[in-house]
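**Q**
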Amino acid sequence: SHNLTVRELADLLNTPETDIIKSLFFKGIAVNITQSLELETARAVAEELGVKVETPEIKSAAAKETEMLDAADLDNLQTRPPVVTIMGHVDHGKTTLLDSIRQSKVAQGEAGGITQHIGAYHVDIEHNGNQQQIVFLDTPGHEAFTAMRARGTRVTDIAILVVAADDGVQPQTREAISHAKAAEVPIIVAINKIDKPESNPERIKQELTELGLVAEDWGGDTIMVPVSALKGENLDNLLEMILLVAEIEELSANPDRLAKGTVIESNLDRARGPVATLLVQNGTLRVGDNIVAGSVFGKIRAMVGDRGNKVEAATPSFAVEVLGLNDVPEAGDEFDVYPTEKEARVVAEARAEQQRDSRLQQAMSSRRITLSSLS
Ligand code: GDP
Ligand code: MG
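Per UniProt numbering, the very first residue in the sequence shown carries number 398; after that it's consecutive.
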């Protein structure tokens with residue numbers, strides 16, 4: 398969401414700017430007409446001027462996701478791979494599961510490909526006689542959810558909830574369920590560590606029933622797959638189930654347009670400069686594109702895939718590391734591609750200015766509080 402300037406608020410309320418400046422002045426806030434206001438401040442002014450302010454309904458994740466698509470995309474939708482996040486309590490086997498899926502699938506593919514940490518992995522799977530793909534996000538599930546949910550972005554299509562069959566439902570299991578439910582993301586349960594003699598999958602189903610996840614063989618509709626991440630047991634079945642859910646969800650996007658999506662990781666690399674992993678959620682991202690991510694911009698100089706491979710174009714659901722940004726964007730920031738470098742620069746600079754303004758505003762208001770608390 399975006400803060401309003403005094404001028405924009407005046408336009409919106411159809412009121413002279415001076416009335417707004419006056420009203421703020423009496424609240425002890427000195428502003429000029431180009432300054433941006435915190436939404437709460439803007440609301441207080443509007444209400445004082447007799448305008449009722451309605452809070453927009455909080456959009457559901459599903460509604461938010463369709464915002465990645467414009468009306469023009471609807472004629473050109475194509476199936477896209479599911480983007481999957483692995484969640485669950487610490488030590489229940491999330492890392493082992495991702496590693497063993499990656500190992501078994503990468504080994505079959507490009508031999509000798511060096512896997513590189515980019516925050517996401519692409520896995521190729523033979524399904525119904527077709528070659529299909531699944532994209533796994535490798536950011537700690539609940540972090541990804543909280544950071545991105547705070548910004549209202551939805552990056553995950555399916556959540557894999559890992560529950561160790563020898564340990565059962567734990568605090569982070571519950572947390573993971575509530576995050577996935579809040580984001581309206583379908584959950585597949587991987588009941589892990591079934592190789593352990595003390596494992597008890599039926600007890601896990603029982604415990605999950607109490608949390609509203611009822612296994613199919615218990616008369617519910619939650620897919621639960623017993624696996625051993627360590628021994629690689631039944632992983633093919635889990636991957637099949639992911640593709641099945643993806644089919645039901647009818648995931649689609651329009652590859653024939655300028656890309657947009659979300660930053661999933663970023664850092665400043667000493668040798669390469671600002672580096673960001675971008676998840677493409679619509680359109681196709683290409684080397685040479687002019688991109689804005691949050692308040693940073695740049696012309697994409699190079700893109701790197703999860704096997705350290707050079708990538709020229711990334712289609713929907715794929716994640717790539719990009720080089721060429723002027724600064725480090727934040728995980729959770731949305732990105733867009735603009736036709737010209739100039740447009741990208743203007744958009745990014747306007748956003749950066751807005752951020753500086755609201756930081757300044759915050760600094761000012763905290764100073765006011767300090768001063769008044771002194772008196
Ligand atoms: P995370 O914290 O959820 O990422 O859990 P890890 O993947 O790091 O696994 C925690 C521990 O459980 C490690 O010692 C793993 O070797 C072990 N582990 C994970 N999956 C299995 C499994 O299927 N069977 C057994 N026996 N051990 C497992
Ligand atoms: Mg781990």
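We put the beta carbon where it would ideally sit given N, CA and C, even for glycine.
Where does histidine 576 fall in DSSP's three states?
**A** Three-state DSSP puts histidine 576 in a helix.
**Q** Looking only at its own chain, which residues have a Cβ that is under 6 angstroms from the Cβ of alanine 504, when we skip the five neighbours before and after it?
**A** Only weak support exists for where alanine 504 lies, its pLDDT of 49 falling under 50; the coordinates are left without a value.
**Q** Can at least three beta-carbon pairs, one atom from the segment 653 to 667 and one from the segment 725 to 734, be found at a separation below 8 angstroms?
**A** The answer is yes - the segment 725 to 734 touches the segment 653 to 667, with three or more Cβ pairs under 8 angstroms.
**Q** Between leucine 409 and the rest of its own chain, which residues show a CB-CB distance below 6 angstroms, the 5 nearest in sequence each way excluded?
**A** Hits under 6 angstroms: none found.
**Q** Leucine 632: which of Val559, Val725, Thr570 sits nearest, CA to CA?
**A** The option with the nearest alpha carbon to leucine 632 is Val559.
**Q** When you measure from the CB of valine 559 to every non-hydrogen atom of the ligand GDP, does any distance come out below 7 angstroms?
**A** The answer is yes for valine 559.
**Q** Is threonine 402 close to the ligand MG? I mean its beta-carbon at under 7 angstroms from any heavy atom of the ligand.
**A** Outside the cutoff, so no.
**Q** Would a C-beta distance cut-off of 8 angstroms place residue 375 and isoleucine 426 closer than the cut-off?
**A** One cannot answer for residue 375 here, as it falls past the ends of the chain, which runs 398 to 772.
**Q** Applying the 10 Å Cβ sphere with the 16-neighbour rule, what's the burial state of histidine 514?
**A** Looking at its Cβ environment, which holds fewer than 16 other Cβ atoms inside 10 Å, histidine 514 is exposed.
**Q** Opposite glutamine 569 in the DSSP bridges: which residues?
**A** BP columns for glutamine 569 are empty, so no partner.
**Q** Identify, in the order they occur along the chain, each residue of the same chain with its Cβ nearer than 7 angstroms to the Cβ of arginine 669, setting aside the five sequence neighbours on each side.
**A** Leu720.
**Q** Shorter than 7 angstroms, the distance from the beta carbon of threonine 492 to the closest heavy atom of the ligand MG, or not?
**A** Checking every heavy atom of the ligand MG against the Cβ of threonine 492, one is found closer than 7 angstroms.
**Q** By Cβ distance, which residues of its chain are closer than 8 angstroms to glycine 401, with the 5 residues on each side in sequence left out?
**A** It is leucine, not glycine, that sits at residue 401 in the sequence shown. Leu409, Ser433, Leu434, Leu436, Ala439.
**Q** So if DSSP puts leucine 558 in a beta bridge, which residue, or which two residues, is it bridged to?
**A** Met484, Val586.
**Q** When burial is assigned at 16 or more other CB atoms within 10 Å of the CB, is leucine 722 buried or exposed?
**A** Buried: at least 16 other Cβ atoms inside 10 Å.
**Q** Give the range of the beta strand (DSSP E) segment to which valine 719 is assigned.
**A** Start and end: 716 to 722.
**Q** Sort Lys593, Leu665, Leu605, Arg600 by Cα distance to glutamate 630 and report the nearest one.
**A** Closest by alpha carbon: Lys593.
**Q** How would you call isoleucine 645, buried or exposed, if buried means at least 16 neighbouring beta carbons within 10 angstroms?
**A** Isoleucine 645 is exposed by the Cβ-count criterion.
**Q** Would you list, in sequence order, the uninterrupted alpha helix (DSSP H) runs of no fewer than 4 residues that lie entirely inside the segment 684 to 755?
**A** Listed in chain order, nothing qualifies, since the segment 684 to 755 has no complete alpha helix (DSSP H) run of 4 or more residues.
**Q** Alpha carbon to alpha carbon, how far is alanine 747 from alanine 562? Give it in angstroms, no decimals.
**A** Spanning the two alpha carbons is a distance of roughly 52 angstroms.
**Q** Helix, strand or coil: how does DSSP classify isoleucine 515 here?
**A** Correct three-state label for isoleucine 515: coil.
**Q** Throw me the rounded Cβ distance for the alanine 587 and leucine 494 pair, which I believe falls under 8 angstroms.
**A** Rounded, the Cβ-Cβ distance is 6 angstroms, consistent with contact.
**Q** Please find out if some non-hydrogen atom of the ligand GDP comes closer than 7 angstroms to the beta-carbon of aspartate 724.
**A** Checking every heavy atom of the ligand GDP against the Cβ of aspartate 724, none is found closer than 7 angstroms.
**Q** Along the chain, where does the alpha helix (DSSP H) containing methionine 638 start, and where does it finish?
**A** Unbroken alpha helix (DSSP H) run through methionine 638: 632 to 646.
**Q** Does the distance between the C-beta of alanine 443 and the nearest non-hydrogen atom of the ligand NAP fall short of 7 angstroms?
**A** Summarising the ligand content, the structure contains the ligand GDP and the ligand MG and does not contain the ligand NAP.
**Q** In the DSSP output, what is aspartate 666 paired with across the bridge?
**A** Aspartate 666 is bridged to Gly670.
**Q** If you compare alpha carbons, which of Leu534, Ala579, Ile601 is closest to glutamine 567?
**A** Comparing Cα positions, the closest option is Ile601.
**Q** Please confirm whether alanine 650 and leucine 474 have their CB atoms less than 8 angstroms apart.
**A** Their beta carbons are under 8 angstroms apart, which means alanine 650 touches leucine 474 by this criterion.
**Q** In the DSSP assignment, the beta strand (DSSP E) including glutamine 529 goes from what residue to what residue?
**A** Per DSSP, glutamine 529 belongs to the beta strand (DSSP E) from 527 to 534.
**Q** Do the CB positions of isoleucine 557 and isoleucine 483 come within less than 8 angstroms of each other?
**A** The answer is yes: Cβ separation under 8 angstroms.
**Q** Whose CA, out of Thr712, Asp724, Arg654, lies closest to the CA of alanine 749?
**A** Checking every option, the nearest Cα to that of alanine 749 belongs to Asp724.
**Q** If I follow the unbroken beta strand (DSSP E) through valine 622, where does it start and stop?
**A** Taken as a continuous stretch (DSSP letters only), the beta strand (DSSP E) holding valine 622 covers 621 to 623.
**Q** If you compare alpha carbons, which of Gly565, Met700, Arg756 is closest to glutamine 603?
**A** Cα-wise, what sits closest to glutamine 603 is Gly565.
**Q** Could you check what DSSP says for threonine 412 in three-state terms: helix, strand or coil?
**A** Three-state result, threonine 412: coil.
**Q** Does DSSP put alanine 407 in a helix, in a strand, or in coil?
**A** Helix, per DSSP.
**Q** Terminal residues of the continuous alpha helix (DSSP H) containing valine 611?
**A** Here valine 611 belongs to no alpha helix (DSSP H), and DSSP marks it neither H nor E.
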